[in-house]
Each structure stands twice: as C-alpha cells, then as structure tokens.
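Structure, as structure tokens:
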Amino acid sequence: MRCEEIRAIVIETLAEQQRLHHGEIDTVALRTVATILTSFGIEEEDRRELRADFQHLRRWRKSVEQAQSYTFKAMITVIVTGFVGAVWLGVKVMLGK
C-alpha cells in the first residue's frame, strides 16, 4: 500500500469514529432533555402542548415589544409637538408686541 492509500484509510476511519461519537452525543442529549422535561412533569405526549405554549409566549413577547415601541414613538411625538407648540406660541407673543 502506498502512503496516500494509508492516509485515506486513516482519515476515513477517523471520520467514521467522529460520526459515531456525534450520534452518541445526540442520543445522550435527547435523553437528558427528556429526563429534565419529565422531572418538570412534562411527559412525552405533552410535546405539542409545550410547543404551542412556547409559540404563545413568543407571540405575547413580540406584541409587548411592539406595544412598547408604539408607546415610545407616541411619547416622542407628544414631546416634540409640545415643544413646537411652545416655540410657536413664543414667536406669536413676540410678534404681537
């Protein structure tokens, strides 16, 4: 065998070991998450409900963020309008004298 062939075999073997290792990690992670959810009282059948709950929370968070944005814009508009009104009133008073 040539050196390149040996190198290719070693690389292929290491890549296969790494794939197996990643598969084991995925399995352990899945079991860990399932165990944690079970310890919180969430069974395997409740996954759809849990997903729906998280989707609801995300929609709620986004609507609150949007409301905060609109509130901030409204406050800035009121402040700017008040300032412009005060300046206009001052100009009117100065021109009236």
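Quick note: the sequence shown uses this note's numbering, first residue 59, plus one each step.
Just so you know, even glycine gets a beta-carbon here, dropped at the ideal spot from N, CA and C.
Which residue marks the beginning of the alpha helix (DSSP H) containing residue i, and which one marks its end?
{"i": "Arg60", "result": "Element bounds for Arg60: n/a, residue is neither H nor E."}
{"i": "Ile134", "result": "Arg105 to Gly154"}
In this structure, how does DSSP classify residue i when only helix, strand and coil are distinguished?
{"i": "Ile67", "result": "helix"}
{"i": "Ile94", "result": "helix"}
{"i": "Glu101", "result": "coil"}
Within 8 angstroms (strictly less), CB to CB, does residue i reach chain B?
{"i": "His79", "result": "Reference to chain B is not applicable here, since this structure consists of a single protein chain."}
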